[in-house]
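If you count by this note's numbering, then the sequence shown holds residues 84 to 593, one letter each, in order.
Glycine included, every Cβ here is placed at the ideal spot set by N, Cα and C.
Working notes for the structure below.
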Amino acid sequence: MSNSAQSLEKEISRRRTFAIISHPDAGKTTLTERILHAGGAIQMAGNVRAKREQRRTRSDWMNIEKDRGISVVTSVMTFEYGGCIFNLLDTPGHEDFSEDTYRTLTAVDAAVMVIDAAKGIEARTRKLFEICRLRDIPIVTFINKMDRESQDAFDLLDEVASALALETTPLTWPVGRAAKFLGTYDLRKESMRLKEEVANNDERILQMQEEVELAKAGLPEFNLDDFNAGFLTPVFFGSAIKELGVTDLLDALAEFGPSPRNQDSQDRQVAANEPAMTALVFKIQANMDPNHRDRIAFARICSGRLERGMKLKHTRTGKTFALHTPQFFFARDRQLAEEAFAGDVVGIPNHGTLRIGDTLTEGEDLQFTGVPYFAPEILRRVNLKDAMKAKKLKQALTELAEEGVVQLFKPQDGSAPIVGVVGVLQLDVLQTRLKHEYGVEITFDSISYSQARWVQGEQNIIDRFINSNRSAIADDIDGDPVFLSTSDFMMQRTIDANKELSFHDIKQIG
Ligand code: G4P
84 MSNSAQSLEK EISRRRTFAI ISHPDAGKTT LTERILHAGG AIQMAGNVRA KREQRRTRSD
144 WMNIEKDRGI SVVTSVMTFE YGGCIFNLLD TPGHEDFSED TYRTLTAVDA AVMVIDAAKG
204 IEARTRKLFE ICRLRDIPIV TFINKMDRES QDAFDLLDEV ASALALETTP LTWPVGRAAK
264 FLGTYDLRKE SMRLKEEVAN NDERILQMQE EVELAKAGLP EFNLDDFNAG FLTPVFFGSA
324 IKELGVTDLL DALAEFGPSP RNQDSQDRQV AANEPAMTAL VFKIQANMDP NHRDRIAFAR
384 ICSGRLERGM KLKHTRTGKT FALHTPQFFF ARDRQLAEEA FAGDVVGIPN HGTLRIGDTL
444 TEGEDLQFTG VPYFAPEILR RVNLKDAMKA KKLKQALTEL AEEGVVQLFK PQDGSAPIVG
504 VVGVLQLDVL QTRLKHEYGV EITFDSISYS QARWVQGEQN IIDRFINSNR SAIADDIDGD
564 PVFLSTSDFM MQRTIDANKE LSFHDIKQIG
């Protein structure tokens, strides 16, 4: 292997690109802060919360963030720890999740699942976990708030195992509980990390020893292949707020957290360590800086090395462009990226040419797969206040749908467009952005449809189905047919009555 191939391999294998998934209040923000602190990045970060405050004032539509106290924007935080470069992709932290959250999970190689030790698995954790499972993303579990009254540790492990159908292997064990929580015992290294020294015969040490024996006897051993395949989750206990157990977690991610995976494309699988650079756009963010009205495409580098100034092919259009200003984002701060490697995420400013799911290469005609659209769970008809602005609305809805803010469906019976979202927050974002960026005021009308499924099958059978269900068929942004239904029951009836067609709640782009 040549020197440059070796150094490329080395750079890529030390990337750790991950996200944190959790139910609101489980401690994601606190853990993020502590991770950044342990990773020495807090200087750069300032403070995640302070950043949140600052960015609330930045643009008009982000007033939604301020009003509702939530973060709408996904950011990337990069830091070095244990010889590895970590990219932590932050996802919006509110119960109202959006498609962005889901798609961000398609750009990571691993997820840390934070669970509140008193509450166990909660609804949103489960939902986000299911998204990770779709792509077999390895999950590391962090059981947080051990400094409070918590459920029994074995019960928590059982709950993860049964609720998520995952094998669980504790890699650390809590020493003491609640106010007497002292730190952790590392089952593999057989050493303790405690906040203070205690005698060997301290009751907390004795309890830990007894429980560790039980855990070793009753629970599966850690198996790296099972972890990488998404069958087994290593479990860590800790308290983010007391900064206990956080280093255990980071050390493990550095040691065995997956390095950038290979990425499927329509034609072949692209290995992360291939020398040619390839990248996949998984998110578009418009008007991050209202003074510039720019659009940033967030792209995950899937292989090779990106260099500022290089020529890239945009494979959907076949056009080539020079990459003058790739950017790294840190929370909301940006800086020019001179180079980046597979696993890293860069922002690429553009004027609407790049779309979610687009592939960039050094020349090869590739189309990556795996970025999904999710069947909307909320459907609304857009009601325009000023009829003179119909044309403007059409353009705005198309642009915002391309950006992934909402999904746009054009009913085949010619009635007004329908927007579909996964989280109701997306509707607020749409309404606010239409007003501030396009000067178009709208309201939403409820419609009887509550379900949408992409229809696939042989063309003549699809045509027949469409003809007999025309009022319930709409075209999505790519012109693919979607069947709309008023209830679960009706949807199931249609699915059962049309066995030669398939109905999908996820559409893979590409
Ligand atoms: P989130 O991003 O998942 O929504 O959770 P966040 O970190 O904001 O934490 C939610 C609450 O739980 C916060 O308290 C936070 O301080 C607390 N918390 C997080 N980790 C731990 C932990 O390990 N132990 C204990 N005891 N508490 C923890 P808050 O009162 O809602 O907010 P704040 O006033 O502290 O900001």
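At a cut-off of 6 Å, would you count Pro107 as near the ligand G4P, judging by its Cβ distance to the nearest heavy atom? yes
Please classify Tyr164: does DSSP put it in a helix, a strand, or coil? strand
Close-in-space but distant-in-sequence residues of the same chain around Ala369 (CB under 6 Å, 5 per side omitted): Arg378, Glu486
Measuring CB atoms only, is the stretch 464-476 touching the stretch 155-171, in the sense that at least three cross pairs come out at less than 8 Å? no
Looking at the unbroken beta strand (DSSP E) that takes in Phe339, where does it start and where does it end? Element bounds for Phe339: not the beta strand (DSSP E) but the alpha helix (DSSP H), 329-339.
Specify whether the stretch 487-507 and the stretch 442-462 touch according to this definition: at least 3 beta carbon pairs, one from each stretch, less than 8 Å apart. yes
On a Cα-Cα basis, can you pick out the residue from Leu240, Gly259, Met573 that is closest to Pro317? Leu240
Would you tell me roughly how many angstroms separate the C-alpha atoms of Glu663 and Gln478, rounded to the nearest one? This structure does not reach residue 663, given that the chain is present from 84 up to 593, and the question cannot be answered.
Along the chain, where does the alpha helix (DSSP H) that runs through Phe548 open and close? 542-551
Measure from the alpha carbon of Lys394 to the alpha carbon of each residue in Arg388, Phe404, Thr400, Pro358, then state which is nearest. Phe404
Here's the rule: buried if 16 or more other CB atoms are within 10 angstroms of the residue's CB, otherwise exposed. What is Pro303? exposed
Counting along the chain, where does the alpha helix (DSSP H) carrying Gln591 start and finish? Here Gln591 belongs to no alpha helix (DSSP H); instead the beta strand (DSSP E) covers 589-592.
For Leu332 and Phe310, I'd like the C-alpha separation in whole angstroms. 15 Å
May I ask you to report which of helix, strand or coil DSSP gives Glu583? coil
Tell me whether Ala201 counts as near the ligand G4P, meaning its Cβ is closer than 6 Å to at least one heavy atom of that ligand. no
Straight-line gap, Ala337 to Ala298 (C-alpha atoms, nearest Å): 24 Å
Suppose the cutoff is 7 Å on Cβ atoms and the five residues either side in sequence are ignored; what does the same chain contact list for Ile530 look like? Leu462, Arg463, Arg464, Ile501
Can you have a look at Arg351 and say buried or exposed, based on whether 16 or more other CB atoms are within 10 angstroms of its CB? exposed
Using the beta-carbon count (16 or more within 10 Å), is Gly321 buried or exposed? buried
Give every residue of the same chain whose Cβ lies closer than 6 Å to the Cβ of Lys396, excluding the five residues on either side of it in the sequence, and list them in chain order. Thr403, Thr444, Gly446
For the ligand G4P, I want to know if Thr184 counts as a neighbour, meaning its beta carbon is within less than 6 Å of at least one of the ligand's heavy atoms. no
Determine the contact status of Asn170 and Val428, defining contact as a CB-CB distance below 7 Å. yes
At least 3 beta-carbon pairs within less than 8 Å: the stretch 535-554 vs the stretch 574-589: yes
Spatial neighbours of Ala557 in its chain, beta-carbon cut-off 7 Å, leaving aside the 5 residues before and after: Phe492, Lys493, Pro494, Gln495, Ile501, Val565, Leu567
To the nearest angstrom, how far is the alpha carbon of Ser87 from that of Ala355? 15 Å
Skipping 5 residues on each side, what residues in its chain have a beta carbon closer than 7 Å to that of Lys111? Ile103, Ser105, Gly176, Val197
Just to check, is the beta-carbon of Ala405 closer than 6 Å to a non-hydrogen atom of the ligand G4P? no
Measure from the alpha carbon of Arg216 to the alpha carbon of each residue in Phe314, Lys518, Ala282, then state which is nearest. Phe314
7 Å CB neighbourhood of Phe424 in its chain, flanking five on each side removed: Glu94, Ile95, Arg98, Ile384, Arg388
Leu307 versus Met275 - alpha carbon distance: 23 Å
Between Arg207, Gly497, Leu247, which lies nearest to Arg553 when the distance is taken from Cα to Cα? Gly497
Between the Cα of Ala362 and the Cα atoms of Ile439, Gly435, Ala323, which residue gives the shortest distance? Ile439
Can you give me the Cβ contacts of Ile214 inside the same chain, cut-off strictly under 6 Å, excluding the 5 residues immediately before and after it? Tyr185, Leu188
Are the CB atoms of Asp173 and Pro341 within a distance shorter than 7 Å? no
Every unbroken alpha helix (DSSP H) inside the stretch 451-509 [4 residues or more]: 473-485
With respect to the beta strand (DSSP E) encompassing Lys396, which residues constitute its N-terminal and C-terminal limits? 394-397
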